[in-house]
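>
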Amino acid sequence: MLKDITLGQFFPGNSLLHRTDPRFKILILLAFLVGVIAAKSVYSFALILTVTVLLTALSRLSPKTVLKNLKPLIFILIFTGILNVFLYKGDNILVDWHFIHIYREGLIYAAFMMLRLACLVTGSFVVLTYTTSPLDISDALESLLKPLKLIRLPVHEFAMMMTIALRFIPTLVEETDKIMSAQKARGADMESGGLRKRIAALVPILVPLFVSSFRRADELAEAMECRCYHGGEGRTKMKQMKSRFADWAFFAVMLIICVSVFFINRFGVRI
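The working numbering applies: residue 5 is where the sequence shown begins, and numbers increase by one.
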């Protein structure tokens, strides 16, 4: 299960998304997320689903790799769907038994909510984390947030924290998997018993994981101090980001799609 968590992983490549300026990737992702959240009709959802598939194709990543990021979220998707089925009210009732009331509109709305979450996660991973290295994400965030320096916000430090967090997520997942394998080899049972027993079984995992995390953080801090790191003041970039016409065109297309979602919502069949 832990091996299926791909958050924070970067897959090098030479696709259109890989070559896109990281600053424009963040802007493209924001426009995409607005479109996903704003979609309220069947046709707008169909447009968002099509865009998600096209972005996945543009990344040139295997469908297996992309779908793997949804596997850890299956429980959340199912829970969200069930919650909407029982709480959403409509006109066409399908089940009316005691306190359980299920409407046809509730089933449709639950399906679209699950689809919305799947598109949000897949689009975010494909556009940004899968096709952009953590260092490029840090530089892009710092560049986009540069105007906030005028009000003395620590933009560089914020971008550095984001980079470190993304960089060490796969490391922590790998470390957790190793600790769980070691505990199982010593006879620890983590899969049977009730909820209370399973929670108690997590203690031998969490304690060494926290110890390992603090040790890594201390080693990272010492390494940064040995390299005379003192924030972003006076620092230069070895790799300068330059935008191309293709980046502007890509962003313009995503903006048109985002605006189209609002337009389609007015005339399409609302959910």
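Beta carbons are placed, not taken as given, at the ideal position from N, Cα and C, and that holds for glycine.
Since this is a predicted model, take the numbers as computed values, not measurements.
Please name the residue, chosen from Ser137, Leu81, Lys150 and Ile86, that lies closest to Leu121 on a Cα-to-Cα basis.
Working through the sequence shown from its first residue, we reach residue 121 at position 117. Answer by Cα proximity: Leu81.
> Any idea what DSSP makes of His102, helix, strand or coil?
As a position in the sequence shown, residue 102 is number 98, starting the count at 1. In this structure, His102 counts as coil in the three-state DSSP scheme.
> Considering only the alpha carbon of each residue, which of Val177, His160 and Lys246 lies closest to Tyr233?
Numbered from its first residue, the sequence shown carries residue 233 at position 229. Answer by Cα proximity: His160.
> If contacts are defined as beta-carbon pairs under 8 Å, then Leu132 and Val40 qualify, I think. What distance do you get, rounded to the angstrom?
Taking the sequence shown and counting its residues from 1, one reaches residue 132 at position 128. Taking the sequence shown and counting its residues from 1, one reaches residue 40 at position 36. Actually they are not in contact, since the Cβ atoms of Leu132 and Val40 sit about 14 Å apart, beyond 8 Å.
> Could you name each continuous beta strand (DSSP E) segment of 3 residues or more that falls completely within the segment 61-148, going from the start of the chain to the end?
97-101 and 104-107
> When DSSP labels each residue in this structure, what does Ser247 get in the three-state scheme?
As a working note, residue 247 is residue 243 in the sequence shown. Here Ser247 sits in coil by DSSP.
> Tell me the rounded alpha-carbon separation between Met56 and Pro67.
By one-based count along the sequence shown, residue 56 stands at place 52. By one-based count along the sequence shown, residue 67 stands at place 63. Just to set this straight, residue 56 is Thr in the shown sequence, not Met. Their backbone Cα atoms lie some 12 Å apart in a straight line.
> Could you give the first and the last residue of the continuous alpha helix (DSSP H) run that contains Ile183?
The sequence position of residue 183 within the sequence shown is 179, counting from 1. Note, Ile183: alpha helix (DSSP H), Val159 to Ala189.
> Tell me which residue opens and which closes the alpha helix (DSSP H) that Leu154 is part of.
Taking the sequence shown and counting its residues from 1, one reaches residue 154 at position 150. Judged by DSSP secondary structure, Leu154 falls outside any alpha helix (DSSP H); it is assigned neither H nor E.
> What number of angstroms, rounded off, separates the C-alpha of Lys75 from the C-alpha of Val177?
Counting from one through the sequence shown, the residue named residue 75 turns up at place 71. Counting from one through the sequence shown, the residue named residue 177 turns up at place 173. Taking the straight line from one Cα to the other gives about 15 Å.
> In the DSSP assignment, the alpha helix (DSSP H) including Leu206 goes from what residue to what residue?
Reading the sequence shown from its first residue, position 202 is the one you call residue 206. Unbroken run through Leu206: none, as it is neither H nor E.
> Considering only the beta carbon of each residue, do Leu170 and Pro138 sit closer than 8 Å?
On the sequence shown, position 166 is the one that residue 170 refers to. On the sequence shown, position 134 is the one that residue 138 refers to. In contact: Leu170 and Pro138 (Cβ atoms closer than 8 Å).
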